[in-house]
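Student:
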Amino acid sequence: MITYYEQKQDLINYTIRYATEADILAVRDVARISWDATYSEIIPPETRAIFIKRSYSDQALRHFLNRAGKDNWFLVAESTSSGVVGFCEVMLRPGYNPDAEITRLYFLPEWQGHGIGTALLNEMLAILRGLDPESGLRPPRLWLTVAAQNQPAIAFYQQRGFQFYRDYAINLPETHGIVQALEVKEYMLELNSRR
């Protein structure tokens, strides 16, 4: 795919590419670390662990990787010095038909501010916008859901043209017989716009 370079204190070098099965362990590690950093004050540790175990199991990730290009696109950001440092997944979801949803966009906390999130999102938008409209795969809109308390993510998406759609609550995985609700916000981007 594309190699991005950015000048900070040193040269930051990373590549955005399609994820493979060889990336499963690294993706799970990035997910766990970023979830712990992002949601430590919002979601209890046991609930985070259950979610990561279910959503990032070898079987779950293999399922999505095997659907790549059909109704799912999964990219990783790989640093020459640190390996996989972030990832982004978009799915065509039956509930959003014909639209798509960003289901995952996470990167290691120490890579925040180095353009990884922007590079992953921009590459994903280029892929989606480049799909043949006649294929039935090119979505007109891209949706995402973000925790209402995750202000950095909300600001990130708003700066990139995502428009607020609605507030609602989702149930997190049950922990010790208790189901916790999480307030979330849903955003949408028209893919015909060029932001």
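Letter 4 of the sequence shown, counting from 1, is numbered 174 in the numbering used here, and no numbers are missing. Each residue gets a CB set at the ideal place from its N, CA and C atoms; glycine is no exception. Note that the coordinates shown come from a computational prediction; the quantities given were computed from them, not determined experimentally.
1. Alpha carbon to alpha carbon, how far is Lys-240 from Leu-307?
2. Find the nearest neighbour of Ser-251 within the set His-233, Arg-237, Trp-281, Arg-224, judged by alpha-carbon distance.
3. Could you have a look at Glu-293 and say whether DSSP puts it in helix, strand or coil?
4. Can you say whether Ile-272 is buried or exposed, counting buried as having 16 or more other CB atoms within 10 angstroms of its CB?
5. By the DSSP assignment, the alpha helix (DSSP H) with Ser-204 in it spans what residues?
6. Please state if the CB of Ala-351 and the CB of Asn-362 are separated by a distance shorter than 9 Å.
7. With which residues is Val-255 paired in a DSSP beta bridge?
8. From this set, Leu-312, Arg-224, Pro-322, which residue's C-alpha is nearest Ile-297's C-alpha?
9. Please report the distance separating the alpha-carbon of Phe-221 from that of Ile-194.
10. From Val-260, Thr-288, Leu-301, pick the residue whose C-alpha is nearest to that of Gly-331; which is it?
11. Under DSSP, the alpha helix (DSSP H) around Ile-220 begins and ends at which residues?
Tutor: In short, the structure shows the following:
1. Taking the sequence shown and counting its residues from 1, the one referred to as residue 240 is at position 70. Taking the sequence shown and counting its residues from 1, the one referred to as residue 307 is at position 137. So the two alpha carbons sit approximately 8 Å from each other.
2. The residue labelled residue 251 in the question sits at position 81 within the sequence shown. Nearest of His-233, Arg-237, Trp-281, Arg-224 to Ser-251, Cα basis: Trp-281.
3. Residue 293 sits at position 123 when you count from the first residue of the sequence shown. In the structure shown, Glu-293 falls within a helical segment according to DSSP collapsed to helix, strand and coil.
4. Within the sequence shown, numbered from 1, the residue matching residue 272 stands at position 102. Ile-272 should be labelled buried.
5. Here the question's residue 204 lines up with position 34 in the sequence shown. Annotation for Ser-204: the continuous alpha helix (DSSP H) segment containing it runs 194-209.
6. Sequence index remark: in the sequence shown, residue 362 carries index 192 (1-based). Sequence index remark: in the sequence shown, residue 351 carries index 181 (1-based). No; because the gap between Cβ atoms is not below 9 Å, this pair is not in contact.
7. Counting from 1 along the sequence shown, the entry for residue 255 is found at position 85. Paired residues: none, contrary to the question.
8. Translated into positions along the sequence shown, residue 297 becomes position 127. Checking every option, the nearest Cα to that of Ile-297 belongs to Leu-312.
9. Locating residue 221 in the sequence shown gives position 51, counting from the first residue. Locating residue 194 in the sequence shown gives position 24, counting from the first residue. Each residue's Cα considered, the two are about 16 Å apart.
10. Indexing the sequence shown from 1 puts residue 331 at position 161. Closest option to Gly-331, Cα to Cα, is Thr-288.
11. Locating residue 220 in the sequence shown gives position 50, where the first residue counts as 1. Boundaries of the alpha helix (DSSP H) around Ile-220: 215-225.
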